[in-house]
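Residue numbers (the UniProt record's numbering): 1 to 313. Cβ coordinates follow ideal geometry from the N, Cα and C atoms, glycine included. To start, the structure itself, in structure tokens.
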């Protein structure tokens, strides 16, 4: 992770984003990295479905942008209008920096917050750095790189169910620790028993290159987690978090959707079975194809997510 030493790595981070760098703890102990080495070999590596996942992002950066923009709006009291580059947001499950990339593309450099992309997968953190993003290697339950009360917003999304149930209170309390007073924490996951949770249990676990047996969240659990960390103004709501693809005709739009889903979830056993993938998507979510005002065709599946948010006391 640090072939030239931590000091040079820190210098590189300060060069990438001096605003985000202000939130880092200047004295970083070696012990956490020893622990991380044992946890980093998860499914988001080159040996798991990490490469497939990255290829899905290359296929379409904006396929999930509707949900991402909703979450970004929740991270500021004034919604998207309040976002700017002087804000520091920590994405504790950043992967390859997907949320950061969507924000930069759609908001522009002046309004895109300064992201600290954090992930337990060394493979994903390396990809962030390669792509010029500010990224640090740490787990969501122990964001040891980051000083107390130093960030304006914390996001925990797109993989929150990977955190073991017994460690979720610790993760939410860690988010509270790094937030400044009045800062906002947003937690996103797919609700237990929902079509998306069943998709993971039935389809991804059966057809992916890696198992995917993780308990999802309930609204009651989200409320309990926020209460344990003493957030105020807590809300829990459901949002639409779709996959959206456009093509010159209906066939090309649904083909892109199927290809994306296979790569996104590493569905190796369904790689050459487009119609089977589309049938499963229709069964679990409903595939909606419409024609846009520009004459293109849009294919969409509507996933519903559970979102909790609260302010740091």
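- The beta-carbon separation of residue 147 and residue 24, rounded to 7 Å, stays under the 8 Å limit for a contact.
- Residue nearest to residue 65 within the set 88, 98, 81 and 86 is 98 (criterion: CA-CA distance).
- Per the DSSP secondary-structure output, residue 253 pairs with nothing in a beta bridge.
- Sequence-distant Cβ neighbours of residue 129 in its own chain, meaning closer than 6 Å and more than five residues away, are 135.
- Per DSSP, residue 233 is not a residue of any alpha helix (DSSP H); the beta strand (DSSP E) it occupies stretches across 231–240.
- The segment 59–136 contains, as complete beta strand (DSSP E) runs of 3+ residues, the segments 88–91 and 114–119 (chain order).
- Note on residue 84: under 16 other CB atoms within 10 angstroms of its CB, so exposed under the neighbour-count rule.
- Annotation for residue 74: 186 and 309 place their beta carbon closer than 6 Å to its own, counting only its chain and skipping 5 residues before and after.
- At a Cβ-Cβ threshold of 8 Å, residue 239 and residue 53 do not count as neighbours.
- Three or more beta-carbon pairs drawn from the segment 299–308 and the segment 276–290 are found closer than 8 Å, and the two stretches are therefore classed as touching.
- Cβ atoms of residue 311 and residue 232 come within 8 Å of each other, at about 5 Å.
- Straight through space, the alpha carbons of residue 221 and residue 51 are spaced by roughly 32 Å.
- DSSP links residue 290 through a beta bridge to 298.
- With 16 or more other Cβ atoms inside 10 Å of its own Cβ, residue 138 counts as buried.
- Going by DSSP, residue 305 is part of the beta strand (DSSP E) stretching over 304–312.
- A Cβ-Cβ separation of about 5 Å places residue 208 in contact with residue 266 under the 8 Å criterion.
- Judged by DSSP in its simplified three-state form, residue 25 adopts coil rather than helix or strand.
- Across the set 19, 67 and 17, the C-alpha of 67 shows the shortest separation from the C-alpha of residue 188.
- One Cα belongs to residue 27, the other to residue 268, and the distance between them is close to 43 Å.
- Three or more Cβ pairs closer than 8 Å define a contact, and the segment 107–122 meets that threshold against the segment 8–25.
- It is roughly 7 Å from the alpha-carbon of residue 270 to the alpha-carbon of residue 277.
- Between residue 229 and residue 173, the gap from beta carbon to beta carbon is short of 8 Å.
- Sixteen is the threshold: when 16 or more other Cβ atoms of the shown chains lie within 10 Å of the Cβ of residue 168, as they do, the residue is buried.
- DSSP places residue 189 in the strand class (E or B) of the three-state scheme.
- Secondary structure at residue 204: helix, using DSSP grouped into helix, strand and coil.
- Straight-line spacing of the CA atoms in residue 110 and residue 56 works out to 27 Å.
- Distances from the CA of residue 157 to each of 127, 142 and 241 were compared; the closest alpha carbon is that of 241.
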